[in-house]
Each structure stands twice: as C-alpha cells, then as structure tokens.
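Counting from 90, one number per residue, gives the positions in the sequence shown under the numbering used here. Backbone N, C-alpha and C define an ideal beta-carbon position, used for all residues, glycine too.
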Amino acid sequence: MIRIGAQVSVAGGMQQTLEEAEQMGLDCLQIFSRSPVGGQSRGLPQSKQMAQWLAGAQIRPLFVHAPYFVNPAATDEVMHAKACQVLGDEMRRVRHLAGDFLVVHPGHQQTGASSIEALDAFADTVISLLTARGRVLIENTAGQGKEVGSSFEDLARVFNAVGKTSRVGLMLDTAHAMAWGYPLTTANDWKLLCSLIDENIGLARVRGVHLNDSLFPIGSRRDQHAALLTGYFGSKALQDIVATADEYNWPLILETPGKNAAARAADLAILRNIIAGL
Ligand SMILES: [Zn+2]
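Next comes the structure, spelled out in structure tokens:
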C-alpha cells in the first residue's frame, strides 16, 4: 500500500497535529520538532505517549524535518560544531518523539569555501550524527543562493563519504529537483531522473519523496513549492512518480502550500485519484 503524508504544523501541540493528520486520512507525517528558524525549543510529550498517539492515528513513518538556522555544510569550525550540536540534539528529539527519520538539508557554501569543501563538511556533519541513535535522510536542494547538494553527482560524494549504512538515506524533493534543472514533465523525464539517482546513489537508498510542484521554472534555482499540477510538474511524470513510489514503497509527503486540511484537500484528491488508477 502506498503511504501518503504531509507536513503538518505542530503549533497546537502534538496531539492536535496527529488529530489533524488523522482527519486528513494521512498514513505518514512530517513535522518540525521546533521552530525551523530558531528560538527556544518547546517541551515534547513523552515518547510513550507519542507512540500511542501515532499508533492510534495509524501513522508511520514519522519524519522530523531539521531546523534551518544552522549550516551543516559550514567549513568554519565554530559554525560546524554548532550544526553538529543542534542536529545531534534533534536526533535525540526524533527518538523522544518516537519518530523514524531526521530529514536534513545539506546547507550552503560559506564565503571562501568551495562547493567540494562544503559537501565534505556536510558529510562530516552526517557522520557525527550517527554517534546518536536513529536514521538520517539527506534531501536534495534547489540550489538557491549558495545551497549545495542539488545534483545527484554532488550528493553521491556525500553518500560515498558516509559509506554503506542503512541509517542514511535520500529524501527526494521533486520541487527542488525541478528548480535545480531536472525537468519532470514527461514520463521519460522521470525515467531519466530515476536512472541518474540509481547510478549515483541507488534507488534502494530513497526513503521517501517530498512530492511538491515548483512555482518557478525548471532550472530557476528558486525554492518555492506549489500545489500539485499548478506549477511545472507534468501530469504524466507525476503519475509515474506515484507508480514508482508504489513499487519501491516510498512514502509520499506533501509540503505544498496551505496550513490546514482544506488547503491540502485538492492535492490529496489528485494523489488519491492517481493511486486509484494504478
Ligand atoms: Zn522538501
């Protein structure tokens, strides 16, 4: 069975988040455990309680998205240590929330650092996270500004440095892929991207898909998600992504605009319609 999920706000507390997810009929979920841009982190429910809520709502896996205010690709020693500390703490928060994965963006090149140096610094950060328990998913980026980790060749460098471990996988973001320059218009576009991922990282290492349309054109390097089929997605590519997700058991997570169930209803309807036709 294909699992559908979405990013849901935790502003009203975790219990409310899970109730909302259940009302939307989600099978899996992504949350921020704290404000993504910083500030004091709030208390979390007990992991036993959280596991009960998740079981009650029949939601798995639970993805926790890492905050953005640290730079995991920082080459500066102090900033690198800070990223390792904050994200290491986040690994523990994922466990505390009975979560399954921490989703991390590679970060950005600091002034004076090459993209290779930034990617290697990010790989070091990921390796440092493995001293805590839990699993990490590396997300491909749109390449906005000085962001690294957009091409699958670059991500391969990180995966190679980390080595073969089932504790590190890939979260494929379709909006970021398009913004970077991989078209997802035709069925063939998706076939090509699949082989590229397979050659560089391995399709078996994909653990989920952030299924988002891109508001800005292919190759724009602008990271702005759009509702499904309102941006640059082709319906044929979208259909085939869902079919591949079904084949490989990849959960599909919507990070499309809209903070409530009503705003997400159209995206969920499109997805369910495609799944019904598989
Ligand atoms: Zn994403």
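Cut-off 6 Å between Cβ atoms - residues of its own chain near residue i, not counting five sequence neighbours on either side
| i | result |
| --- | --- |
| S217 | C173 |
| V183 | V153, L191, G223 |
| F121 | H154 |
| T214 | P161, A172, C173 |
| K235 | H197, Q198 |
heavy atom of ligand 1 below 7 Å from residue i C-beta
| i | result |
| --- | --- |
| H299 | yes |
| D262 | yes |
| E236 | no |
| E344 | yes |
| E336 | no |
| E228 | yes |
Spatial neighbours of residue i in its chain, beta-carbon cut-off 8 Å, leaving aside the 5 residues before and after
| i | result |
| --- | --- |
| Y157 | P125, V126, H194 |
| F322 | T263, M267, L273, T274, D302, S303 |
| R353 | A95, M113, L343, T345, G347 |
| D329 | A276, W279, K280 |
| Q233 | A268, R310, R311, D312 |
Residue j beta carbon less than 8 Å from that of residue i
| i | j | result |
| --- | --- | --- |
| L357 | M113 | yes |
| H314 | E288 | no |
| A268 | A231 | yes |
| P340 | G291 | no |
| D278 | A245 | no |
| L317 | I359 | yes |
| I93 | L115 | yes |
| A144 | E111 | no |
| L118 | L151 | yes |
| L285 | F241 | yes |
| A250 | D189 | no |
| H185 | S136 | yes |
| A212 | V247 | yes |
| A170 | M139 | no |
Start-to-end residues for the alpha helix (DSSP H) that takes in residue i
| i | result |
| --- | --- |
| G145 | 136-145 |
| H299 | Element bounds for H299: not the alpha helix (DSSP H) but the beta strand (DSSP E), 295-299. |
| F211 | 204-218 |
| R246 | 241-251 |
| M180 | 166-185 |
| I286 | 276-289 |
Where the beta strand (DSSP E) through residue i begins and ends
| i | result |
| --- | --- |
| E228 | 224-228 |
| V193 | 190-193 |
| D262 | 257-262 |
| L115 | Here L115 belongs to no beta strand (DSSP E), and DSSP marks it neither H nor E. |
| V331 | That residue, V331, is in no beta strand (DSSP E); its alpha helix (DSSP H) goes 324-337. |
| F152 | 151-154 |
| L343 | 341-343 |
| A95 | 93-96 |
Neighbourhood of residue i by C-beta distance below 7 Å, restricted to the same chain and skipping five residues each side
| i | result |
| --- | --- |
| R181 | A221 |
| V99 | T106, I120, F121 |
| G320 | D302, S303, L304 |
| S324 | L318 |
Three CB pairs or more closer than 8 Å across the region 202-214 and the region 156-171: yes
Three-pair Cβ contact test at 8 Å for the region 308-315 versus the region 253-260: no
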